[in-house]
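Student: Chains as they are written, first to last, in this note's numbering: chain A, 1 to 573; chain B, 1001 to 1399. Glycine included, C-beta positions come from ideal geometry on N, C-alpha and C. Remember, it's a predicted structure, so these values are computed and weren't measured experimentally.
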């Protein structure tokens, strides 16, 4: 049992040859060895080193159970909004601090990669790398990628050759089906510790729960026929029976905390939409830029996605929805490089007009809001041009501002947040890089422009409406009539009830949407290829119905989960 | 506990940076700025002017600082670099107290009782090991063992007190030390380590094997049940098993059952590979330490105690009763013991202290009376010796 590492021979040889090392170097080495030593179970260290992490009892309890009882293989199935990501981060950080995690892999949906990276870096000081296309997996000990990327055969082989200390799968209900490539890949992973995160482990029937548990600890629930005979009600694959025993077995791998079991108060989220009446100049330039986009979009040389102009036109349409100032740069780019001469000339003229427009009806609304409400306000925009315009105008009126945008250094970002917390009334921020920062001291968010992707909108609101926020949150959405944004906002409000969702629910809803990464593309395609108002309305109605269906599916799943886990809880009670 | 670990981390970072020639600015505790030499900038991939913090609270005052903790690439690089360093050193300990006995012995009474011989130096080998326990979870234990190396002393009469490995110290230019059987010393150290960790290791192995057995049993049951189900399914479809008929036909159930078996073997193999209990001892460092010692005599040469005074720690070791020649081991020497006869019993503990009975019949030593002036005791009684020697005390019936 006790083996001596043969490396001792080299040391003894050096000793015999009197090849001594400097004493201070040896002392440093022994200090380093002591620090690098894996530590046994003791008190939790990660909380002491985490930044801006509130120590919630349910999270601490979950972390202890995973570390001490479940040996690092667990299904974290807390209800939405209870901070599963933070829980997983603490567990991971604890393993890293104890020297038990030197290689870790996090598999998340593409839209959450940056959020994970930023949260782990800012809260736990863990530097994860988001794998870029073509990069090797073995190069980075701490890696984030998507399940879809990882399961591709050539990537799969490379990953399966590695021994990971910890693997985390977010939105693990994607592994519910044992016949999929993803499931096969996950079950072949060589990892000591595996954390599966999902708020809805059961989407259709109990087989999915069985599959997830079997992935973590095969045999816990026996074979599937045995599981079905023993634990699934006859005639309804969704209803459990022998609930006490099933619940006991599940507790060997699963942790599920309900919101009502915690003392956490979830503040309300109130949304208010301001349908702004644009000025005549704004109306005219919006209409002209839209016409330009539609015409250019239909030209074969610009329409094809391969040409890259397709994306430029999409950005231009978004920019003009934000503010004329935001569109200037793209129009100038088109003026310089567009293959059609006619378009180039048009772009020059539009750019000049956009630059000259000073008055902004949205800005007038914003100033009124800031002056009326005594609260601090975060104003989000997607574009730097708009950000600068807002900043100049507010500063000109003597309102204290702080700005936060992509490309700032870490120190500048910290300073921007500090300035907003301690001095400024308004923080003007782009969407870039704000994840993981603690902004709960503010409760009023203004969406100066609206991203077409609801996930981006959710991420904005999520910066203040999150665990730790104690006051009700107000969201102000600005959009002008008959713009893309007004249609998008309409379906998000009416079909998705987006502003009444709990933190984290939108991810689950969009998970049911047939092609969520393509939502922005669908919106643009619909807008750019439609000729009249009725066609646009029809198109957005269809899109809204798809989203409504996704929401219905999610509600069905949520209800099913509630029923199953309620039955299991009563069984143990 | 956590603050202790953070302090440990901070001490290491400061030592590391200083050792590599960085200039540290700021207070002795908490966040600081270091100016790194170019070589270290390259090796650490760090900026020339590095600001570091150790506690999250320090970041509010130092927003640009890097929080150094495991998992942070910069800290991990420091650890890696330091761990690549050497593990072999030699130290000559300085005596805590030097000069005439009067300057370091606690009192005049003690001075009267003890006489010092010529200083000598005893070599000890300090082995530092990492003991890695690996099973479902793993943890490490860093332990050191000191082994007295033979020959026991090497007194060449020169200045052994210089710390030869400290760069700021001049090289004393001493002769090479006499050879030592380092392998034998390592074996002794390992035996000692094994003795010390035996209970812990037994508990660890028992727990880990129990867990592994449970896991393997669960897998066995799971796969056997799955294979049996495949068989039942086949029988339901084809009737009772007919090996001749089914051989080579590649029926889906047969293939599935075979697949299950392979999966099982592979899984158990993987679990065993990953989780079978292992305890590995790695020798991390070997330090040769030269301890300044001084022969010491208490009482008369025939009936007193011969001992060795560790000049570094002030402890008396290697005590031998001159009356019965019994080795008495090591006894910490306190001022109170030497100076106050009334306090002896209280301070030294009943098991080692006795007073000579009036009729104490001590075994006669064959050796002639020691007439060296070193041992010329101003005291005529042998109470020192008997106060330390339990066997003499037992013989006297006064224990």
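Use the C-beta contact count for residue 184 of chain A: other C-beta atoms within 10 angstroms, 16 or more gives buried, fewer gives exposed.
Tutor: By the neighbour-count rule (16 or more Cβ atoms within 10 Å), residue 184 of chain A is not buried but exposed.
Student: Are the Cβ atoms of residue 1121 of chain B and residue 1320 of chain B separated by less than 8 Å?
Tutor: Going by C-beta atoms, residue 1121 of chain B is not nearer than 8 Å to residue 1320 of chain B.
Student: Just verifying my parser: in three-state terms, what is the DSSP assignment at residue 561 of chain A?
Tutor: DSSP places residue 561 of chain A in helix when its eight states are reduced to three.
Student: On a CA-only basis, which of A/445, A/103, A/123, A/114 is nearest residue 192 of chain A? Give me that one, please.
Tutor: It is A/103.
Student: What does residue 1253 of chain B touch in chain A if you count any residue whose Cβ is under 9 Å from its own?
Tutor: Ordered by position in chain A, no residue passes the 9 Å Cβ test against residue 1253 of chain B, which lies about 13 Å from the chain.
Student: DSSP beta-bridge partners for residue 483 of chain A?
Tutor: The partner list for residue 483 of chain A (beta bridge, DSSP) is empty, contrary to what the question assumes.
Student: Report the start-end ranges of each alpha helix (DSSP H) in the region 141-191 of chain A that is 4 residues or longer and not cut off at the edges.
Tutor: Those alpha helix (DSSP H) runs which fall completely within the region 141-191 of chain A and span 4+ residues are 147-150, 153-160, 181-188.
Student: Residue 17 of chain A: buried (16+ other C-beta within 10 angstroms of its C-beta) or exposed?
Tutor: Residue 17 of chain A is exposed by the Cβ-count criterion.
Student: Is there at least one Cβ from chain D nearer than 8 Å to residue 1142 of chain B's Cβ?
Tutor: No chain D appears in the structure shown, which is made up of the protein chains A and B.
Student: Roughly how many whole angstroms lie between the Cα atoms of residue 349 of chain A and residue 366 of chain A?
Tutor: If you take the alpha carbons of residue 349 of chain A and residue 366 of chain A, they lie about 29 Å apart.
Student: Note the first and the last residue of the continuous alpha helix (DSSP H) segment covering residue 1078 of chain B.
Tutor: Looking at the DSSP string, the run of the alpha helix (DSSP H) that includes residue 1078 of chain B is 1073-1083.
Student: Does the region 382-390 of chain A come into contact with the region 408-419 of chain A, if we say contact requires no fewer than three beta-carbon pairs (one atom in each stretch) closer than 8 Å?
Tutor: Counting Cβ pairs under 8 Å, fewer than three are found: no touch.
Student: If you draw a straight line from the C-alpha of residue 535 of chain A to the C-alpha of residue 482 of chain A, how long is it?
Tutor: If you take the alpha carbons of residue 535 of chain A and residue 482 of chain A, they lie about 13 Å apart.
Student: Closest to residue 429 of chain A by CA distance: which of A/455, A/559, A/459, A/198 is it?
Tutor: Answer by Cα proximity: A/459.
Student: For residue 1287 of chain B, name the three-state secondary structure that DSSP assigns.
Tutor: Here residue 1287 of chain B sits in strand by DSSP.
Student: Going straight from the alpha carbon of residue 1133 of chain B to that of residue 1142 of chain B, what length do you get?
Tutor: Roughly 11 Å between the two C-alpha positions.
Student: To the nearest angstrom, how far is the alpha carbon of residue 63 of chain A from that of residue 178 of chain A?
Tutor: Their Cα atoms are separated by approximately 28 Å.
Student: Please classify residue 507 of chain A as buried or exposed, where buried requires at least 16 neighbouring CB atoms within 10 angstroms.
Tutor: When all chains shown are included, residue 507 of chain A counts as buried.
Student: Within 10 Å of its beta-carbon, does residue 1181 of chain B have 16 or more other beta-carbons around it, so buried, or fewer, so exposed?
Tutor: When all chains shown are included, residue 1181 of chain B counts as exposed.
Student: Please confirm if residue 51 of chain A has its CB atom under 8 Å from at least one CB of chain B.
Tutor: Closer than 8 Å to some Cβ of chain B, the Cβ of residue 51 of chain A qualifies, so yes.
Student: Throw me the rounded Cβ distance for the residue 477 of chain A and residue 273 of chain A pair, which I believe falls under 8 Å.
Tutor: Yes, residue 477 of chain A and residue 273 of chain A are in contact; Cβ-Cβ is about 5 Å, under 8 Å.
Student: At which residues does the beta strand (DSSP E) containing residue 204 of chain A begin and terminate?
Tutor: No beta strand (DSSP E) contains residue 204 of chain A, which DSSP labels as neither H nor E.
Student: 8 Å is my cut-off, CB to CB: does residue 1376 of chain B come that close to chain A?
Tutor: With a pLDDT of 26 at residue 1376 of chain B, under the threshold of 50, the modelled position of this residue cannot be trusted, and the question is left open.
Student: Name, in chain order, the residues that DSSP records as bridge partners for residue 419 of chain A.
Tutor: Per DSSP, none; premise fails for residue 419 of chain A.
Student: Fully enclosed by the region 22-46 of chain A, which alpha helix (DSSP H) runs are 4 residues long or longer?
Tutor: Those alpha helix (DSSP H) runs which fall completely within the region 22-46 of chain A and span 4+ residues are 23-36.
Student: So if I threshold CB-CB distances at 8 Å, which residues from the region 117-147 of chain A count as touching chain B?
Tutor: Listed by position, the residues of the region 117-147 of chain A near chain B (Cβ gap below 8 Å) are 124, 125, 126, 127, 142.
Student: Counting Cβ pairs, one atom from each stretch, are 3 or more of them under 8 Å apart for the region 1065-1080 of chain B and the region 52-69 of chain A?
Tutor: The answer is no - the region 52-69 of chain A does not touch the region 1065-1080 of chain B, with fewer than three Cβ pairs under 8 Å.
Student: Report the start-end ranges of each alpha helix (DSSP H) in the region 431-482 of chain A that is 4 residues or longer and not cut off at the edges.
Tutor: If we require 4 residues or more, the alpha helix (DSSP H) runs fully inside the region 431-482 of chain A come out as 454-462.
Student: CA-CA distance, residue 1016 of chain B and residue 167 of chain A?
Tutor: C-alpha separation (whole angstroms): 32 Å.
Student: Helix, strand or coil, according to DSSP, for residue 567 of chain A in the structure here?
Tutor: Of the three classes helix, strand and coil, the one that applies to residue 567 of chain A here is helix, per DSSP.
Student: Report the rounded CA-to-CA distance for residue 140 of chain A versus residue 211 of chain A, giving the unit in angstroms.
Tutor: If you take the alpha carbons of residue 140 of chain A and residue 211 of chain A, they lie about 30 Å apart.
Student: Quick check on the DSSP output: the alpha helix (DSSP H) that includes residue 224 of chain A runs from which residue to which?
Tutor: Residues 224-231.
Student: Looking at the structure shown, is residue 252 of chain A part of a helix, part of a strand, or coil, going by DSSP?
Tutor: In this structure, residue 252 of chain A counts as coil in the three-state DSSP scheme.
Student: Buried or exposed: which applies to residue 561 of chain A, given that a residue is buried once 16 or more other Cβ atoms fall within 10 Å of its Cβ?
Tutor: That one is buried.
Student: Select from the region 22-36 of chain A all residues with a C-beta closer than 8 Å to any C-beta belonging to chain B, and list them in chain order.
Tutor: The region 22-36 of chain A vs chain B, Cβ under 8 Å: 22, 23, 24, 25, 26, 27, 28, 29, 30, 31, 32, 33, 34, 35, 36.
Student: Look up residue 1003 of chain B in the DSSP assignment and say whether it is helix, strand or coil.
Tutor: Helix at residue 1003 of chain B.
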